[in-house]
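Numbering of the first sequence is given in my numbering, commencing with residue 1 and proceeding in unit increments.
Reading through the structure tokens given below for one structure.
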Amino acid sequence: MTHRGDQGQSEGKSIRFHELLNPDQLEAVTFGDGPLLVIAGAGSGKTRTLTHRVAHLVQRGVAPHAILLLSFTRKASQEMLRRASELLDRRCREVAGGTFHSFANSVLRRYSAKIGFPHGFSIMDRSDAEDLIGLIRKALDTAEQGRHLPRKSTLATIFSRAINKNTTLEEIIYEDYPHFGFQNDLINRIWIGYQDRKRELSLLDFDDLLVYFHRLLAENLDVRDRLTKSYTHILVDEYQDTNFIQAEIVSLLAGKNESIMVVGDDAQSIYAFRGANYKNIIEFPTRFPGTRLIKLEENYRSLQPILDLANAVIEPATEKYSKCLFTRRGGGDLPVLVAATSENAQSRYVTQEIIRLRNEGVALDRIAVLFRASFQAFDLEVELNRAAISYVKVGGFKFTESAHIKDILAHLKIFAAPQDQLSWTRVLLLIEKIGPATAQRIYTTVLKEGAGPSGLLSAKLKIKPNAGFERLKQLIAAMDATPHPISRWGEMVLEYYKPYLETAYDDHPRRLRDLEQLISIMERYDRLDDFLDDMALDPPNDSVANGLATTETHRNQLVLSTIHSAKGLEWHTVFIIWALDGRFPSIQAIDNPDTLEEERRLMYVAITRAQQSLHITYPVQIFDRATQSLLYEPSRFLEDVPEALLKRRFFTPY
DNA sequence: TGCGGATCCCTTTTT
DNA sequence: GGGATCCGCA
């Protein structure tokens, strides 16, 4: 928030809330202990309200550790606690919180025996889950000649969606993948195999964290009792993005004390694809009778022409808490809608405008380019490089998902969880002359040894002399002899891995920099488990292109971001590219009213990121291979808007 | 059993 | 343009 000074509050002093907040915000901040629902429009000071409420609670005498602040990204929750600390004092730092997943993880670690993992568990990220599913799929595939099964990533999506939408596999397949309907049986068997295997190997995927947490709360009254007593005040951010299980978890945690505040904006619900249900926010007052509803409609971010467009785009949305954003600040230019002659023309337009802005004195880090999908920025990235404009790309494919990072992590994981077959397989397959069959044999033998990774040294293995395998033994012996600090392990693994890296990847210098950065992140951790948990639950959100950049290097760089990753952020000038009907909304979303509505909300989120100026561009005459048709109309969400809200332009670079 | 080459398919968003 | 899969050779 840039309005009204945040500064000037010294530590521990009483805060003059009525001077810092508007009447609606003030009411939300000072509200007593019943259920409270705050519908906060984009840019209306949502974070501000949450942080002030935390500070207010602490000032009122609520113990900081009795406050639980749940959010969707750890960055968001840390930022909130930081701001609350600035307002009041360091006590706010003791407030409990994090993402649903990380909070679930920390509780489950404490009670792992109660959920059937007496020796603990390790967390699988999405690609680990896919790999495990792949193994089971393959075993079943050859045994049953089950041809034309969905690929492992599709299976992972189906499984996850069934959990998050609280429905059956059959339902998801029927709804989203009818062409796999005839495979229901086999898919179901892979699903069962996946569940069994995870349990056997003590592995939890992202969904399991929520499922087990929910089960723990629902079935263990003593645990629930202890938690509801220790967290007397619960605040949930971005409530519109909660799914069925998360809403249940919130209810169970709130328990009888019902000091529960949720904040959200149904118009900004953009995670339905992973089971988020905006109805949770609509139905909150039913779930918690006596809910006080407060709407924040005054916008402190954008100029009126931008808000007018945003309001017009969201207006046709069905089922919503209707609200209308307004601002007291006057002036501002109309948003521009630019038809570019080609994709590259679009990139050139954006690049040229960015250069113009920079010359006018707008810092690069106050400008962002937003898009529906990460690959849509590829062409623009080429143009930006040509113009020597430095940028940071957020969203899309993550670092921790790239092969070289996963390789290093796998070597570390076998120390954290020696039963982790996936990591063993990954480690072993890197060695020449070792394929899946040999890897399986080695794993089984080492596991029987029961001595952790060093079982590899003592086990009697019948394999041909193999220099690479001997090197692995040396690495493990060396790691065994050097328990501290854990970053030392990272260095040893990297030394071991370097020769492979150099032969396997042409771009190894860039990848090496990533790995060195990874090790410097390790230096911040005392315990290997904590490091690995964080890498799975809250990895750096940067995409591959940047390398693992530090915050220091992000200074004064242009931001390229998916709209999903841009949520909650704001910039002086925003470009939205690929606003082409068929791409945004995407062709797959058009036939289904629900997914189409979600695309509309996504456009709304994108527009409301802009403070002062907004450029929306689309290339004309794009051939869509899937439908064999020509796309040339701007996004229907913009076409349906009154003429006067947009300035239309045509751009050709020559 | 491991590996490299040929061929077919699909192509979003994230914890 | 990249993954998954299949096939043939060492």
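Yeah, the Cβ is synthetic: ideal placement off N, Cα and C, and Gly gets one too.
Rank Asn280, Ala536, Ala66 by C-alpha distance to the C-alpha of Thr400 and give the top, closest one.
Ala536
If you reduce the DSSP assignment to three classes, tell me which class Gln268 lands in.
helix
Does the structure place the stretch 35 to 44 close enough to the stretch 276 to 290 that three or more beta carbon pairs sit under 8 Å?
yes
Which parts of the stretch 554 to 599 are runs of the beta strand (DSSP E), unbroken and 3 residues or longer, counting only runs that do not cross its ends?
Runs of the beta strand (DSSP E) inside the stretch 554 to 599: 558 to 562, 571 to 576.
Would the stretch 265 to 276 and the stretch 232 to 246 be scored as touching if the rule is three or more Cβ pairs under 8 Å?
yes
In angstroms, rounded to a whole number, what distance separates the CA positions of Ile622 and Ile354?
24 Å
Is it the case that the stretch 640 to 648 contacts the stretch 303 to 312, given that we only count it when at least three CB pairs across the two stretches are under 8 Å?
yes
Suppose you measure from the CA of Lys413 to the CA of Ser302; what does that come to, to the nearest Å?
Each residue's Cα considered, the two are about 46 Å apart.
CA-CA distance, Ile434 and Thr425?
10 Å
Can you give me the Cβ contacts of Ala451 inside the same chain, cut-off strictly under 7 Å, excluding the 5 residues immediately before and after it?
Ser458
Classify Glu570: buried if its beta carbon has 16 or more other beta carbons within 10 angstroms, exposed otherwise.
buried
Buried or exposed, going by whether 16 or more other CB atoms sit within 10 Å of the CB of Val382?
exposed
On the three-state DSSP scale, how would you describe Asp420?
Of the three classes helix, strand and coil, the one that applies to Asp420 here is coil, per DSSP.
Count the other CB atoms within 10 Å of the CB of Cys92; is the residue buried (16 or more) or exposed (fewer)?
buried
Looking at the strands, I want to know which residues DSSP matches up with Met261.
Leu36, Leu235
Specify, as a first and last residue, the run of the alpha helix (DSSP H) that Gln656 falls within.
Past the edges of the chain, shown from 1 to 654, lies residue 656, and the structure says nothing about it.
Quick check on Tyr618: buried or exposed, where buried means 16 or more other Cβ atoms within 10 Å of its Cβ?
So Tyr618 counts as buried.
Taking the straight line between their C-alpha atoms, what separation do you get for Ile607 and Glu297?
If I take the Cα positions, the gap works out to 16 Å.
Go ahead and label Thr482 buried or exposed: buried means 16 or more other beta carbons lie within 10 angstroms of its beta carbon, across all protein chains shown.
exposed
Classify Arg82 as buried or exposed, calling it buried when 16 or more other Cβ atoms lie within 10 Å of its own Cβ.
With fewer than 16 neighbouring CB atoms inside 10 Å of its own CB, Arg82 falls in the exposed class.
Got a sec, what are the start and stop residues for the alpha helix (DSSP H) Phe247 sits in?
Correcting the residue type first, residue 247 is Ala in the shown sequence and not Phe. Element bounds for Ala247: 244 to 254.
Quick check: Tyr300 and Gly41, are their CB atoms within less than 8 Å of each other?
no
Quick one: what does DSSP say Gly97 is sitting in, helix, strand or coil?
strand
Measure the Cβ-Cβ separation of Ser202 and Phe72 and say whether it is below 8 Å.
no
Tell me whether the beta-carbon of Met124 lies closer than 8 Å to the beta-carbon of Leu135.
Contact flag unset, no.
Answer with buried or exposed for Tyr660, where buried requires no fewer than 16 other C-beta atoms within 10 angstroms of its C-beta.
No answer is possible for residue 660: the residues shown for the chain start at 1 and end at 654.
Quick check on this structure: which residue in Leu87, Asp24, Glu79 has the alpha carbon closest to the alpha carbon of Leu57?
Nearest option by C-alpha distance: Leu87.
Throw me the rounded Cβ distance for the Tyr391 and Leu558 pair, which I believe falls under 8 Å.
About 4 Å separates the Cβ atoms of Tyr391 and Leu558, confirming a contact at the 8 Å cut-off.
Comparing alpha-carbon positions, which option in Ile563, Phe17, Asp534, Ser561 lies nearest Asn105?
Asp534
Taking DSSP as the reference, what is the three-state secondary structure of Lys279?
helix
For the stretch 327 to 343 and the stretch 60 to 69, state whether three or more C-beta atom pairs, one from each stretch, are separated by less than 8 Å.
no
Enumerate in chain order the residues of its own chain whose CB-to-CB distance from Ile281 is below 6 Å, with the five nearest sequence positions on each side excluded.
Tyr239, Gln240, Gly264, Asp266
Using a 10 Å radius around the Cβ and a threshold of 16 neighbouring Cβ atoms, would you call Ala467 buried or exposed?
Note on Ala467: under 16 other CB atoms within 10 angstroms of its CB, so exposed under the neighbour-count rule.
Between the alpha carbons of Asn149 and Ile187, how many angstroms are there, rounded?
Sequence check: residue 149 is Leu here, not Asn. Taking the straight line from one Cα to the other gives about 8 Å.
In the DSSP assignment, the beta strand (DSSP E) including Arg609 goes from what residue to what residue?
Element bounds for Arg609: n/a, residue is neither H nor E.
Mapping DSSP to helix, strand and coil, what is Phe650?
Residue state, collapsed to three classes: strand.
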